[in-house]
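Residues are numbered in the numbering used here as their position in the sequence shown, beginning at 1, plus a constant of 7.
Just so it is clear, CB atoms sit at the ideal spot from N, CA and C, and this is done for glycine as well.
In this text, all values refer to a predicted model and were calculated from it rather than measured experimentally.
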Amino acid sequence: MVEAVEIEERPKFRDIRRYFCQYCGICRSKKTLITSHINSHHKEEDEKARKERDPEEESSKSHTCEDCGITFKKHAYLLQHMQSHSLERPFVCALDDCQASYRRKDHLTRHLLLHEGKTFKCPVVNCNTEFSLLSNMKRHVEEIHDDSSPAVTDKSHKQHVCPEIGCGKVFRFASQLKKHEDSHVKLESVDVVCLEPGCMMHFTNVQCLKAHVNSSHQYMTCDICGSKQLKKNIKRHLRSHEPDSSSLETFQCEFKGCSCTFSNKSNLDKHKKVVHLKEKPFLCGFPDCGMRFAYKHVRDKHEKTVKHVFTLVSSTFLL
């Protein structure tokens with residue numbers, strides 16, 4: 008009887024907020040999101056900096072994080088970034104009956120504005136919307152009340168408003184708003200993220216992460232060939248070592264010149280539709296895109312690319 012030895016692996020976790028913009032300090036969970044942000048909002052600054060940058064001088068003045076290797080333009084940004092590597096929340100709201108705590112001082116400052124009742128009211132007549140930050144109020148006016156804004160010229164556009172207090176960001180589609188609303192939770196409460204390749208799922212505590220790792224990333228070693236397999240797949244893998252495995256039924260593609268074989272008819276049918284019939288049944292869910300894909304997971308990955316990622320840019324970054 009074939010036995011498999013289970014490998015005990017400790018869950019990997021790290022603060023999800025790892026990457027900072029060197030120009031405004033906004034933080035994101037992925038380096039690609041920061042790159043997209045810089046290309047969208049700091050392109051001229053970045054191009055100018057690239058032209059003026061002296062490679063030797065830049066390397067001597069760089070501010071690099073020793074934990075993850077990320078380099079920042081200013082030492083202040085590096086110090087603020089280093090707080091993200093700790094799970095401690097040293098900045099605590101001092102008001103009674105408020106348990107809020109934050110890793111960064113600017114997040115606490117933003118929180119205190121809500122207690123102080125300091126608000127910025129929309130100046131447009133008959134609009135009583137209030138914001139805790141002046142920049143959010145200005146953005147609201149530009150997106151909702153500006154005559155040149157699509158929100159005015161086309162009422163079907165930009166009608167989904169974020170209900171988060173002091174935010175007010177507006178989106179054209181409900182799906183965009185939903186993704187944005189998740190960011191309010193992630194930036195304040197997400198503590199750990201699974202670092203297994205291709206996963207990056209995030210959790211609010213270590214216990215949830217451990218449960219996820221045990222169910223989705225628990226590996227076992229095959230006692231025959233020594234390869235590492237997911238626990239849920241180990242039985243199927245062991246069957247490949249059985250003497251009569253070669254006699255198992257296979258399904259051969261009947262298209263001329265194709266020698267592909269499959270272990271089940273379902274996979275054969277998918278192969279024929281995608282490779283030979285060129286079917287692409289999965290349409291991108293974002294309007295005005297129109298791209299189609301042969302596989303659902305490829306479509307899902309496309310929808311998460313820079314083309315369809317909407318990041319929230321805060322002009323209230325405090326040093």
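Here H209 is buried: its Cβ has 16 or more other Cβ atoms, across all protein chains shown, within 10 Å.
Around the CB of K176, 16 or more other CB atoms lie within 10 Å, so the residue is classed as buried. For M208, no alpha helix (DSSP H) segment is defined, and its DSSP state is neither H nor E. According to the DSSP assignment, Q236 belongs to the beta strand (DSSP E) that extends over 235 to 237.
Exclusion of the five residues before and after N271 leaves F258 as the residues of its chain whose Cβ lies within less than 8 Å of its Cβ. The alpha-carbon separation between T268 and C215 amounts to approximately 40 Å. The DSSP-derived three-state label of K50 is helix. Separation of the CB atoms of F178 and H187 is rounded to 6 Å, and the pair is thereby assigned contact status at 8 Å. Of the other Cβ atoms in all chains shown, fewer than 16 fall within 10 Å of the Cβ of G292; this residue is therefore exposed.
For the pair E137 and L115, the Cα-to-Cα distance works out to about 20 Å. Look at K128 here: in three-state DSSP terms it is strand. Setting aside the 5 residues that flank it on each side, K279 is surrounded in the same chain by C260, F262, each with a C-beta closer than 8 Å to its C-beta; the list follows chain order. The straight-line gap separating the alpha-carbon atoms of I45 and S142 is approximately 19 Å. Separation of I241 and R35 (C-alpha to C-alpha, rounded to the nearest whole angstrom) is 37 Å. Listed as beta-bridge partners of V168 by DSSP are V177.
Per DSSP, M227 is one residue of the beta strand (DSSP E) stretching across 226 to 229.
Secondary structure of R110 (DSSP, three-state): coil. A Cβ-Cβ contact shorter than 8 Å links C229 with H244. Residue state for C34 is assigned as strand, using DSSP reduced to three classes.
Boundaries of the alpha helix (DSSP H) harbouring Q87: 82 to 89, taken from the DSSP string.
In terms of CA proximity to G32, A83 leads the group A83, E51, S47. E150 is classed as buried because its beta carbon has at least 16 other beta carbons within 10 Å across all chains shown. Nearest to L85 by alpha-carbon distance, out of M144, C28, E54, D103, is C28.
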